[in-house]
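Numbered according to my numbering, the sequence shown spans residues 1258 to 1416.
Cβ coordinates follow ideal geometry from the N, Cα and C atoms, glycine included.
Everything below concerns the one structure shown next.
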Amino acid sequence: MPTALSPITPILKLPVCVLGVRWAESAIEEILFLPPGTPLQATQHALGDLFHREIAHYLAQPEYVMTLPLLKRGTAFQNRVWAEISATPAGRTCTYGDIAQRLDSAPRAVGQACGANPFPVVVPCHRVVGKQSLGGFAKQTTDWLIQTKQWLLAHEAGN
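Here it is in structure tokens:
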């Protein structure tokens, strides 16, 4: 029987969304983009405080590499994709096809792994774009989630 996830705690407001986090006793389970206007909640957990500090460092310095205890998740393939994504420096992008070629896979499979990423921003799937377009983000291709991807890329580019 699968264990229930902890509640989502909306922790930090960005210009285009709110970042929420779920945590277990000693690791972050999931990071979520929540709609703009989601009310923030005070965190009373050391991981929530650590998450807030790490994101604040990233917001001040986009090249800052966050070090957070993340709960091991995903398939072997997803973890390979997420490792490739994590190697892409702030301010740069790569395409789904670039990653697929490095992993001897298909761009669509890479896109699905990006959509399944439980740790956006920390595992920067926003840096993966389509060959001729921005691509999707968090399994969406429109609305505030795409605006979030655009904002993250602009933030990292210094705009």
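>> Please classify Q1318 as buried or exposed, where buried requires at least 16 other C-beta atoms within 10 Å of its C-beta.
In response: exposed
> In the DSSP assignment, what residue or residues form a beta bridge with E1287?
Replying inline: R1279
> Looking at C-beta atoms only, is the number of pairs between the stretch 1266-1275 and the stretch 1399-1413 that lie closer than 8 Å three or more?
Replying inline: Touching, yes.
>> Quick check on Q1397: does DSSP put it in helix, strand or coil?
In response: Here Q1397 sits in strand by DSSP.
> Rounded to a whole number of angstroms, what is the C-alpha to C-alpha distance between L1328 and Q1389?
Replying inline: 34 Å
>> In this structure, how does DSSP classify P1267 when only helix, strand and coil are distinguished?
In response: strand
> Straight-line CA distance for M1258 to A1411?
Replying inline: Low confidence applies here, because M1258 scores a pLDDT of 42, under 50, leaving its location unreliable; read the following figure in that light. For M1258 and A1411, the distance between alpha carbons rounds to 42 Å.
> If you draw a straight line from the C-alpha of A1363 to the C-alpha of A1340, how long is it?
Replying inline: One Cα belongs to A1363, the other to A1340, and the distance between them is close to 16 Å.
>> One question on the structure: do V1380 and N1374 come within less than 7 Å of each other, judged by their Cβ atoms?
In response: Yes, the Cβ-Cβ distance between V1380 and N1374 is below 7 Å.
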